[in-house]
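Below you'll find the structure, written out as structure tokens, and then a few comments.
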Amino acid sequence: MYAWLIATVAATAGLLFGFDIAVINGALVFLKQQWGLSGFETEIAASSLLFGCVFGAAAGGALSDRFGRRRVLMLCAVLFGISAIGAALPRDLAEFTAARFLGGVAIGVASLIAPLYIAEVAPAHLRGRLVSLNQMAIVTGILLAYFINWTLSFQGAESWRWMFAVAAAPSAAFFIALFFVPESPRWLVARGLSAEALRVLERTLGGGAPAALRQIERTIREESGSLAELFRPGLRRALGIALFLAIMQQWSGVNTVLFYGALILKEQVGGQSDSAAIGASVLIGLINFAATIAAIALIDRLGRKALLIGSALGMAVCLFGLAAAFRQPEPSASLVVACMLGCVASFGVGLGPGVWVVLSEIFPNRIRGRAMGIATVALWCACVALTMTYLSLSSALGPSGAFSLYAVMCLATALFVWRLTPETKGRTLEEIESFFQENRP
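Quick note: the sequence shown uses the numbering used here, first residue 4, plus one each step.
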């Protein structure tokens, strides 16, 4: 229960992450109208947060390795709060972009540190579910953002300001809650604080704490970590897997639905009011939420590989369905929404939580923070590339061509996982490290 408590507090970062990413979906409808944004300016408004994510992810690993996971999460809470207020008060696109960039920095750091911290405090048999709790919090934040957007959409053109402002309250609650959880035992051992690490392990593992402490100490003593290690045989394979999965999670195309879904329904399907288009996003959020619950229940039973492969194949089918729908002169709103729901459901049950779980597992403790930083930077760069190009790609190839391209990416992901990604279910972090050393390319 103590491990679940720690994971729940850490996963609040995921709640804020999800809210801040998804709130733009509904707000963008009003922002574009009120400020008369062009297509490129709309992409900037949607992507400004994501540019901050890249910078946050780049700095997060080094910060967490130096100052500890918990302190860095506290910094994230502060940045989330400042960004929420700043994004609610801008007078022009430049001020809005700056505030959202700051929130993106918080997301970039939190997207790295929260699953990393949870993985380091979780017992091996619960690790998949507890790390997936972070993804559960993300989709909860997404659902809350969609619901709040829809509720506020009836208040008129200025309602987008309140959509951003409401995130200030959970940011403050997250900051306070972090005072009641411990530092990561693996980080404590790396800093020579083994006695304190043992106290944490006793509360999360019970009688197995001394053995776990010895295993952590042995792993940390073997080598001093450096980024150069990632290019050695064994870890080079882990790095390649992490980078591919991080990039393809984003290039699967799911964020076209999560970020632009309301705008797609409003402008490309036609006949939808502002509130109706935003309201459809609530249904998308509910499906995403339900799929992530299923993922948490299944990931430690079926394993990571099965869920990742099934998820990628399911997304490919739904994206090809969207491509077919947009080939029609008048796309069917019900078919478009159904394919969007299927795409999000497939993502939520596998690629969403599964990739974060794998990223948090496959690197050695001594360089885990920095290695996950590299993978997370790659993930956010891929996310920026997708978000900054969707409207332009859709204009050049048509929505049908864009969604067909994303479907091909999903097929490539399924093939990669099947052929090259090892199963990590039920293994300790130290056992996973040994596997990569014993199975060098």
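Beta carbons: idealized from backbone N, C-alpha and C, even for Gly.
The three-state secondary structure of D303, taken from DSSP, is coil. Rounded to the nearest angstrom, the Cβ distance from S255 to C413 is 5 Å, consistent with a contact under 8 Å. The criterion of a C-beta distance shorter than 9 Å is satisfied by S50 and T390.
Comparing alpha-carbon positions, the option among P173, L136, Q158, G63 lying closest to L19 turns out to be P173. The beta carbon of V380 is closer than 7 Å to those of V57, A60, A61 in its chain, skipping five residues each way along the sequence. The beta carbon of I281 is closer than 7 Å to those of G29, V32, N152, W153, S156, A265 in its chain, skipping five residues each way along the sequence. If you ignore the 5 residues before and after L119, its C-beta comes within less than 6 Å of the C-beta of S363, M375, all in its own chain and listed in chain order.
In this structure, DSSP gives P334 a state outside helix and strand, which the three-state scheme calls coil.
Out of W421, I110, Y409, A215, the CA that lies nearest to the CA of I244 is found in W421.
With a cutoff of 9 Å on beta-carbon distance, V360 and R307 are scored as near each other. In this structure, the CA atom of S41 is about 19 Å from the CA atom of L53.
Comparing alpha-carbon positions, the option among L316, C346, G313, L310 lying closest to L325 turns out to be C346. Your pair L246 and A378 checks out as a contact, with CB atoms roughly 6 Å apart and the cut at 8 Å.
Counting only runs of at least 4 residues, the stretch 178-202 fully encloses the following alpha helix (DSSP H) elements, listed from N- to C-terminal order: 188-193. The C-beta distance from W7 to L133 rounds to 7 Å, short enough to fall under 8 Å. Note that the stretch 131-151 touches the stretch 351-358; at least 3 beta-carbon pairs, one per stretch, sit closer than 8 Å. With respect to the 9 Å criterion, V272 and P332 are not classified as neighbours on the basis of their beta carbons. Cβ neighbours of W163 within its own chain (closer than 7 Å, five residues either side excluded): A30, F33, L34.
In the three-state scheme derived from DSSP, where H, G and I count as helix and E and B as strand, I281 is classed as helix. Residue state for P367 is assigned as coil, using DSSP reduced to three classes.
In the assembly as shown, A319 is a buried residue. Its beta-carbon has 16 or more other beta-carbons within 10 Å.
Pairwise C-beta distances place the stretch 400-417 out of contact with the stretch 92-102, as fewer than three of them are shorter than 8 Å.
DSSP, reduced to helix, strand and coil, places K428 outside both helices and strands of the structure shown, so it counts as coil.
Judged by DSSP secondary structure, S50 falls within the alpha helix (DSSP H) whose first and last residues are 42-70. Closest option to A14, judged by alpha-carbon separation, among I116, A315, L233: I116. If you draw a straight line from the Cα of S187 to the Cα of A200, it is about 8 Å long. Annotated as distal: A180 and V75, with beta-carbon spacing of 9 Å or more.
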